[in-house]
């Protein structure tokens, strides 16, 4: 009827809101808490830093379940869309669900509106999704993402961190979160400088994760024998690309060589 609000797929550019309105399993619904704590794999350390052409985001590959290693090859960094990345720390299954919903949310918005959200808009949308996650947080199923990307309007990389209830904060140069985040940030503080090039930024990221792995048991360092290296993505004006293992191997060897030279 005339004057009624439109309904259906095209009425709302938010896929997340659409799923909730249709009674789907969006995070806000949350299953009832059972008796006792549920053992679940946790992802640990992720970080992001700016360089001259954009941002680098990296995460170690270890997932832990209590004092045991649950997975040595878990991916914790993902492309959110063509110009942004998202990293996860916290309960692994819930974090990956959040990433998939966020990726679908951005794709859905683009198809409905015919345009990309701004980087700031993406960051704000992720904050709203985290606020809807509160029932999960109250059950101890905590997810702390890190979001970064290339801002096409500002022509620069930007980094956003979050707290468990959806607070959003922008970082100027770098940030790290997860169980090894404190040690990784300490390393980034020493090694970071404005104007790094792409290769230098990758080496700084790898060294920060290596430093964190030496202090935090839940953070896994590179394992060349098994061919396990951190997940690393680079976002620039040209798009978002995953750094291949050969590049990471060479960067890791350079980090070790520099350590040997400096004692």
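Numbering (my numbering), first residue to last: 6 to 268. Glycine residues also receive a C-beta, built at the ideal position from the N, C-alpha and C atoms. Note that the structure is predicted; figures quoted are calculated from it, not measured.
Contact under 9 Å by Cβ, residue i with residue j
{"i": "residue 240", "j": "residue 123", "result": "no"}
{"i": "residue 163", "j": "residue 210", "result": "no"}
{"i": "residue 92", "j": "residue 153", "result": "yes"}
{"i": "residue 192", "j": "residue 212", "result": "yes"}
{"i": "residue 94", "j": "residue 148", "result": "yes"}
{"i": "residue 48", "j": "residue 96", "result": "yes"}
{"i": "residue 113", "j": "residue 87", "result": "no"}
{"i": "residue 50", "j": "residue 232", "result": "no"}
{"i": "residue 101", "j": "residue 225", "result": "no"}
Assigned exposure category for residue i - 16 Cβ within 10 Å defines buried
{"i": "residue 261", "result": "exposed"}
{"i": "residue 249", "result": "exposed"}
{"i": "residue 157", "result": "exposed"}
{"i": "residue 216", "result": "buried"}
{"i": "residue 81", "result": "buried"}
{"i": "residue 40", "result": "Because residue 40 sits at a pLDDT of 40, beneath the cut-off of 50, its placement in the model cannot be relied upon, and the point is left open."}
{"i": "residue 60", "result": "buried"}
{"i": "residue 258", "result": "exposed"}
{"i": "residue 255", "result": "exposed"}
{"i": "residue 196", "result": "buried"}
{"i": "residue 199", "result": "exposed"}
{"i": "residue 265", "result": "exposed"}
{"i": "residue 143", "result": "exposed"}
{"i": "residue 4", "result": "Nothing can be reported for residue 4: it is not among the residues displayed for the chain, which extend from 6 to 268."}
Nearest candidate by alpha-carbon position, reference residue i, set the options
{"i": "residue 151", "options": "138, 209, 186 and 213", "result": "186"}
{"i": "residue 79", "options": "236, 251 and 267", "result": "236"}
{"i": "residue 140", "options": "57, 99 and 92", "result": "99"}
{"i": "residue 130", "options": "106, 147 and 50", "result": "106"}
{"i": "residue 177", "options": "49, 18, 56 and 47", "result": "56"}
{"i": "residue 134", "options": "254, 257, 111 and 121", "result": "111"}
{"i": "residue 167", "options": "155, 181 and 159", "result": "181"}
{"i": "residue 132", "options": "253, 72, 194 and 165", "result": "165"}
{"i": "residue 115", "options": "72, 179 and 18", "result": "18"}
{"i": "residue 146", "options": "251, 230, 46 and 267", "result": "46"}
{"i": "residue 77", "options": "230, 179 and 251", "result": "230"}
Presumed contact (8 Å Cβ cut-off) between residue i and residue j, rounded CB distance
{"i": "residue 214", "j": "residue 54", "result": "Not a contact, Cβ separation roughly 12 Å."}
{"i": "residue 108", "j": "residue 85", "result": "6 Å"}
{"i": "residue 58", "j": "residue 208", "result": "Not confirmed; about 15 Å, so no contact."}
{"i": "residue 83", "j": "residue 117", "result": "Not a contact, Cβ separation roughly 22 Å."}
{"i": "residue 238", "j": "residue 227", "result": "Contact doesn't hold; Cβ gap of about 16 Å is too wide."}
Beta carbon proximity, residue i to chain C, threshold 9 Å
{"i": "residue 103", "result": "Going by chain labels, chain C is absent from the structure shown, which holds only one protein chain."}
*Does the region 215-222 come within contact of the region 236-249, defined as at least 3 CB pairs closer than 8 Å?*
The region 215-222 vs the region 236-249: no contact.
*With contact counted as at least three CB pairs below 8 Å, one residue from each stretch, are the region 165-175 and the region 64-79 in contact?*
Using a C-beta cut-off of 8 Å, the region 165-175 makes no contact with the region 64-79, since fewer than three inter-stretch Cβ pairs fall below that distance.
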